[in-house]
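See below for the structure under consideration.
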Amino acid sequence: MAGAPEPVAALLPTEPNGVEMVAKFFRALGDPARLRLLEYLLHDEHTVTECVEQIGLSQGRVSTHLGCLADCGYVQVRRQGRFAHYKVTDPRVAELVLLARSLAADNAAALAACMRITPTP
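If you number the sequence shown the way numbering that gives the first Met the number 0 does, the last residue is 120 and the count never jumps.
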């Protein structure tokens, strides 16, 4: 007869509001424009103008998304004269984006069929 199952180590924070903080971490990544910006900024520093050209949104929308990513600690900004240059703060973000892409590809049919999470407009 097998013994009692071994306890699984907690994956989520145990302190108060810890799980809420992890959920907020993922909500910051929950916008397609922010994900495209992160992916663009993974390997090099870029100005807002370059981000606008790459992403295809207005300067105001791109600036808002970059502000969100900076406030949440995903990117850092370096000001040079009247230009703001953005880059990814932590190399683990690249690993996270690649893992998310892989998981999404492996679960594409289920994600496409999911009716509980509505797509962003």
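For every residue, glycine included, the Cβ atom is placed at its ideal position computed from N, Cα and C.
- Annotation for Arg-78: the continuous beta strand (DSSP E) segment containing it runs 74–79.
- Straight through space, the alpha carbons of Cys-71 and Ala-27 are spaced by roughly 7 Å.
- With a beta-carbon spacing of about 21 Å, Leu-10 and Ala-93 fall beyond the 8 Å limit used to define contacts.
- In the three-state scheme derived from DSSP, where H, G and I count as helix and E and B as strand, Thr-48 is classed as helix.
- Just so you know, the alpha carbons of Ala-107 and Ser-101 end up roughly 10 Å apart.
- Secondary structure of His-42 (DSSP, three-state): coil.
- Residue burial annotation: Arg-33 is buried, with at least 16 other C-beta atoms found within 10 angstroms of its C-beta.
- Excluding its 5 nearest sequence neighbours in each direction, Arg-60 has C-beta neighbours in its own chain below 8 Å: Ala-32, listed in chain order.
- In this structure Tyr-85 does not touch Glu-52 by the C-beta definition: roughly 14 Å separates them, more than the 8 Å allowed.
- For the pair Ala-99 and Phe-25, the Cα-to-Cα distance works out to about 11 Å.
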